[in-house]
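Visitor: Pasting in a structure now, in structure tokens, and then I'll have a few things to ask.
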Amino acid sequence: MLITSDKTQNGIIALEGHAYAGKTTILNKLSDLGEYDVVKEHDVYMKNYKYPKFPFKTTKDAEDNVRVMIAIEEKRLRDAQKYLSLGRKVVMDRTLISILLFQKFLYENVPNTPNAYLFALNLSRDEMEEGELYIPSVLVMVSPASRQVFESRTNRKISIDLYKNWSSYEYMERNYERICRLYGANTCQIKTENTEDSLTASIKKIDHFINSNKFHALNSLDVFGIIEQ
Numbered sequence: 422m423l424i425t426s427d428k429t430q431n432g433i434i435a436l437e438g439h440a441y442a443g444k445t446t447i448l449n450k451l452s453d454l455g456e457y458d459v460v461k462e463h464d465v466y467m468k469n470y471k472y473p474k475f476p477f478k479t480t481k482d483a484e485d486n487v488r489v490m491i492a493i494e495e496k497r498l499r500d501a502q503k504y505l506s507l508g509r510k511v512v513m514d515r516t517l518i519s520i521l522l523f524q525k526f527l528y529e530n531v532p533n534t535p536n537a538y539l540f541a542l543n544l545s546r547d548e549m550e551e552g553e554l555y556i557p558s559v560l561v562m563v564s565p566a567s568r569q570v571f572e573s574r575t576n577r578k579i580s581i582d583l584y585k586n587w588s589s590y591e592y593m594e595r596n597y598e599r600i601c602r603l604y605g606a607n608t609c610q611i612k613t614e615n616t617e618d619s620l621t622a623s624i625k626k627i628d629h630f631i632n633s634n635k636f637h638a639l640n641s642l643d644v645f646g647i648i649e650q
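With the first letter of the sequence shown counted as 1, position 17 gets the number 438 in my numbering; the numbers rise by one all the way through.
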């Protein structure tokens, strides 16, 4: 397993996927293995911040939300580096990728709602060039195995009701597939079902992937070309 402070080859594992993919269950099981430290999702960190919440009333609200999200992402990355320095395997529950894809989703699918998509791209790029922001160099991409599995989970409350729609899932999945191509061999794709056997198999696959691969360097700036497609 690669563990390094080099931000192009940082050894941090991103756990990404649409709402209802099964990420939280997988994170809990990985944590139970005793070898992984989990960097909690942005919502956990946001309890200490004041920020405009979705749906945004103005473009300024959307931009202020992005500023907070980027600041939190940089804090989460610092926490990830602390865990790495202790020789731990580190998994991040969502990353900058989720922030950018959410803004893109609003920009392309909810045009009457203020968004900060272009602002988010520019701010993220600036922060990357200053060395404060980057994306993990390893990706575990989680998806429900079928539409039936996805829809069986949508009774759980989430902060963005639009994400409950199958069409929203398909849109996000197309974007995540492009992200997977960027990561290439640094990607482990997981299809989840609502069974204990499926969960056990997924954890074994992820753990084997993390422990048996040598991952190549990844230039974080390349993510913008994928997001903007």
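Glycine residues also receive a C-beta, built at the ideal position from the N, C-alpha and C atoms. Since the structure is predicted, the reported quantities are computational estimates derived from the model, not experimental observations.
With hydrogens ignored, establish whether the beta-carbon of Lys578 is closer than 7 Å to any heavy atom of the ligand SAH.
Guide: Absence of the ligand SAH is noted for the structure shown, with no ligands found whatsoever.
Visitor: DSSP three-state call for Leu522: helix, strand or coil?
Guide: Here residue 522 refers to the residue found at position 101 when the sequence shown is read from its first residue. It is helical.
Visitor: For Ala501, collect the residues of the same chain with a Cβ closer than 7 Å to its Cβ; drop the 5 residues on either side in sequence, then sort them by chain order.
Guide: Taking the first residue of the sequence shown as 1, we reach residue 501 at position 80. Within the same chain, Ala501 has close Cβ partners Ile433, Val460, Val511 and Met513.
Visitor: Starting from Glu649, trace the alpha helix (DSSP H) in both directions and tell me its first and last residue.
Guide: One-based indexing of the sequence shown puts residue 649 at position 228. Counting along the chain, Glu649 falls outside any alpha helix (DSSP H), and DSSP gives it neither H nor E.
Visitor: Starting from Asp514, follow the beta strand (DSSP E) in both directions and report where the run begins and ends.
Guide: Mapped onto the sequence shown, residue 514 falls at position 93. Lys510 to Asp514 is the extent of the beta strand (DSSP E) around Asp514.
Visitor: Alpha carbon to alpha carbon, what distance is there between Tyr457 and Ala435?
Guide: Residue numbering aside, residue 435 sits at position 14 when the sequence shown is read from its first letter. Residue numbering aside, residue 457 sits at position 36 when the sequence shown is read from its first letter. About 12 Å.
Visitor: Assuming contact is defined by CB atoms lying nearer than 8 Å, are Gly455 and Pro565 in contact in what I supplied?
Guide: The residue you call residue 455 lines up with position 34 of the sequence shown. The residue you call residue 565 lines up with position 144 of the sequence shown. Contact flag unset, no.
Visitor: Taking the beta carbon of Thr480 as the centre, do at least 16 other beta carbons fall within 10 Å, making it buried, or is it exposed?
Guide: Within the sequence shown, numbered from 1, the residue matching residue 480 stands at position 59. Classification of Thr480: exposed, given that the 10 Å Cβ count is below 16.
Visitor: Per DSSP, what kind of secondary structure is Lys503 in: helix, strand or coil?
Guide: Numbered from its first residue, the sequence shown carries residue 503 at position 82. If DSSP states are grouped into helix, strand and coil, Lys503 belongs with the helices.
Visitor: Using three-state DSSP, classify Val531 as helix, strand or coil.
Guide: Counting from 1 along the sequence shown, the entry for residue 531 is found at position 110. Note: Val531 maps to coil in three-state DSSP.
Visitor: Where does the unbroken alpha helix (DSSP H) through Leu441 begin, and where does it stop?
Guide: As a working mapping, residue 441 is identified with position 20 in the sequence shown. For the sequence presented, residue 441 should be read as Tyr rather than Leu. It is not in any alpha helix (DSSP H) - Tyr441 carries neither H nor E in the DSSP assignment.
Visitor: Where Met562 and Val531 are concerned, what is the direct C-alpha to C-alpha distance, given to the nearest angstrom?
Guide: As a position in the sequence shown, residue 562 is number 141, starting the count at 1. As a position in the sequence shown, residue 531 is number 110, starting the count at 1. Cα to Cα, Met562 sits roughly 25 Å from Val531.
Visitor: Between which two residues does the alpha helix (DSSP H) harbouring Ile579 extend?
Guide: For the purposes of this step, residue 579 is taken as the residue at position 158 of the sequence shown. Note, Ile579: premise wrong, no alpha helix (DSSP H); not H, not E.
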